[in-house]
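The structure under discussion appears below in the form of structure tokens.
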Amino acid sequence: MPAELVRAFAEAVAAPGQKALLYRPGGSNEIERRTSLPTALHLAEAEGRPFAVYLRPEILVGDYDRPEQAGAAVTLAGELRAEGLQPVLVASGQPGRRHLFVRVADVEQRALVRDRLKASGADVRAGNQPIRPPLSPHRLGLPARLLAPTDATAALDALGGPESDEQARPRRGLSDATTRLLGQSPPPGSRSEPVMGALLGLANAGLDREQAWATLRSAPLGARYAGPGHGPRARFDLEWSKACRRVEEGGQRCLHPRMIRVEPV
Numbered sequence: 006m007p008a009e010l011v012r013a014f015a016e017a018v019a020a021p022g023q024k025a026l027l028y029r030p031g032g033s034n035e036i037e038r039r040t041s042l043p044t045a046l047h048l049a050e051a052e053g054r055p056f057a058v059y060l061r062p063e064i065l066v067g068d069y070d071r072p073e074q075a076g077a078a079v080t081l082a083g084e085l086r087a088e089g090l091q092p093v094l095v096a097s098g099q100p101g102r103r104h105l106f107v108r109v110a111d112v113e114q115r116a117l118v119r120d121r122l123k124a125s126g127a128d129v130r131a132g133n134q135p136i137r138p139p140l141s142p143h144r145l146g147l148p149a150r151l152l153a154p155t156d157a158t159a160a161l162d163a164l165g166g167p168e169s170d171e172q173a174r175p176r177r178g179l180s181d182a183t184t185r186l187l188g189q190s191p192p193p194g195s196r197s198e199p200v201m202g203a204l205l206g207l208a209n210a211g212l213d214r215e216q217a218w219a220t221l222r223s224a225p226l227g228a229r230y231a232g233p234g235h236g237p238r239a240r241f242d243l244e245w246s247k248a249c250r251r252v253e254e255g256g257q258r259c260l261h262p263r264m265i266r267v268e269p270v
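Numbering (this note's numbering), first residue to last: 6 to 270.
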């Protein structure tokens with residue numbers, strides 16, 4: 006598979022700033038280590054090493070790991086396409102196994118699509134549940150291919166990317182509770198309740214990692230992340246990831262502002 010194509014699909018579905026998971030060589034199904042996406046892509050090209058990525062919030066994947074599930078994947082892909090979405094169905098490698106990728110910008114619709122993927126028998130991957138990107142190397146060297154659409158350009162357009170989502174993703178204003186939290190001074194010591202509340206509010210408003218970072222740094226609460234070096238940003242990244250995990254644990258429905266109640270501390 007052309008390296009440019011593997012790179013394009015990986016960047017289309019991977020969460021920006023997240024590490025990739027590199028599999029051990031020799032056909033192993035075990036993770037060797039976490040590494041940067043550029044390093045994983047280099048090893049995929051040079052050695053055929055398989056890797057997995059954590060997904061952007063807008064991307065859902067149904068992993069149909071049994072050959073008898075292939076029909077269910079095709080059926081759901083057709084239904085989603087008829088409803089105006091642009092699913093990408095991939096033959097993942099071993100006979101009959103399928104991955105169904107779909108980008109859903111609207112949070113409430115995303116929760117419904119997630120339920121439908123699960124109901125169809127798929128192992129649903131989202132957020133902190135990694136998966137191999139489309140057309141990336143298989144651990145046994147088996148070929149992966151696009152099934153619908155079969156054209157790589159059309160599939161990439163369907164999956165979009167961070168830039169396209171800046172236009173497609175609906176924006177919500179910050180709630181009054183989140184605005185009040187952002188206006189507070191940082192809590193003393195290691196207390197993080199107001200910070201976590203603010204992070205959840207920013208996620209609910211549709212902000213991504215970089216937008217949340219910029220918003221916090223411009224608010225009084227963002228003084229929590231002041232200081233030299235990479236330490237403050239690393240602390241933010243860790244706390245943002247915790248907030249995202251809480252969102253994912255709620256089946257993504259909790260992304261809706263009305264479903265998380267944040268009270269001033």
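Every residue, glycine too, gets a C-beta built ideally from N, C-alpha and C.
Going by beta carbon distance, what residues of the same chain come within less than 8 angstroms of residue i, once the five residues before and after it are set aside?
i, result
"Arg39", "Lys24, Ala25, Leu26 and Leu27"
"Arg222", "Tyr230"
Count the other CB atoms, across all protein chains shown, that sit within 10 Å of the CB of residue i; report buried if there are 16 or more and exposed otherwise.
i, result
"His235", "exposed"
"Pro7", "exposed"
"Glu244", "buried"
"Glu171", "With a pLDDT of only 43 at Glu171, under 50, the local geometry of the prediction cannot be trusted, and the value read off the model is given with reservation. Answer is exposed; the Cβ neighbour count stays below 16."
"Gly76", "exposed"
"Gly31", "exposed"
"Ala203", "buried"
"Gly165", "buried"
"Gly67", "buried"
"Ala87", "exposed"
"Ala13", "buried"
In chain order, what residues of the same chain lie with their CB nearer than 7 angstroms to the CB of residue i, ignoring the 5 residues before and after it?
i, result
"Pro191", "Leu226, Ala228 and Arg229"
"His143", "Pro55, Gly98 and Ala149"
Is residue i near the ligand ZN - that is, is its Cβ less than 6 angstroms away from at least one heavy atom of it?
i, result
"Ser33", "No copy of the ligand ZN appears in this structure; indeed no ligand is present at all."
Suppose you measure from the CA of residue i to the CA of residue j; what does that come to, to the nearest Å?
i, j, result
"Thr184", "Tyr69", "42 angstroms"
"Ala19", "Glu84", "25 angstroms"
"Leu122", "Leu81", "8 angstroms"
"Glu16", "Leu10", "10 angstroms"
"Ala157", "Leu151", "7 angstroms"
"Gln74", "Leu105", "12 angstroms"
"Leu187", "Cys249", "18 angstroms"
"Asp120", "Ala57", "23 angstroms"
"Trp218", "Pro100", "44 angstroms"
"Ala210", "Gly53", "40 angstroms"
"Val93", "Pro154", "6 angstroms"
"Arg176", "Leu212", "Since pLDDT at Arg176 reaches only 47, below the 50 mark, its modelled position is unreliable, and the value read off the structure follows with that caveat. The alpha-carbon atoms of Arg176 and Leu212 are separated by roughly 8 angstroms."
"Arg238", "Met201", "15 angstroms"
"Leu48", "Gly89", "37 angstroms"
Would you kindly report the start and end of the unbroken beta strand (DSSP E) that includes residue i?
i, result
"Ala96", "Val93 to Ala96"
"Leu65", "Ile64 to Tyr69"
"Arg12", "Not the beta strand (DSSP E): Arg12 falls in the alpha helix (DSSP H), residues Ala8 to Val18."
Skipping 5 residues on each side, what residues in its chain have a beta carbon closer than 6 angstroms to that of residue i?
i, result
"Ile64", "Val18 and Arg108"
"Ser97", "His104 and Ala149"
"Ser169", "Confidence in Ser169 is poor, its pLDDT being 46 and thus under 50, which makes the residue's placement too unreliable to answer from."
"Arg251", "none"
"Asp45", "Looking at the sequence itself, residue 45 is Ala, so the reference to Asp does not match. The residues are Ala25, Leu27 and Phe56."
I'd like the span of the alpha helix (DSSP H) that includes residue i, first residue to last.
i, result
"Val109", "Where Val109 is concerned, there is no enclosing alpha helix (DSSP H), given that its DSSP letter is neither H nor E."
"Leu205", "Glu198 to Asn209"
Taking 7 angstroms as the CB-CB cut-off, is residue i touching chain C?
i, result
"Arg61", "Looking at the structure shown, chain C is missing, and only one protein chain is on hand."
- prompt: Counting pairs of Cβ atoms below 8 angstroms between the segment 107-126 and the segment 136-143, do you hit three or more?
  reply: Contact between the segment 107-126 and the segment 136-143 is absent, because fewer than three Cβ pairs lie under 8 angstroms.
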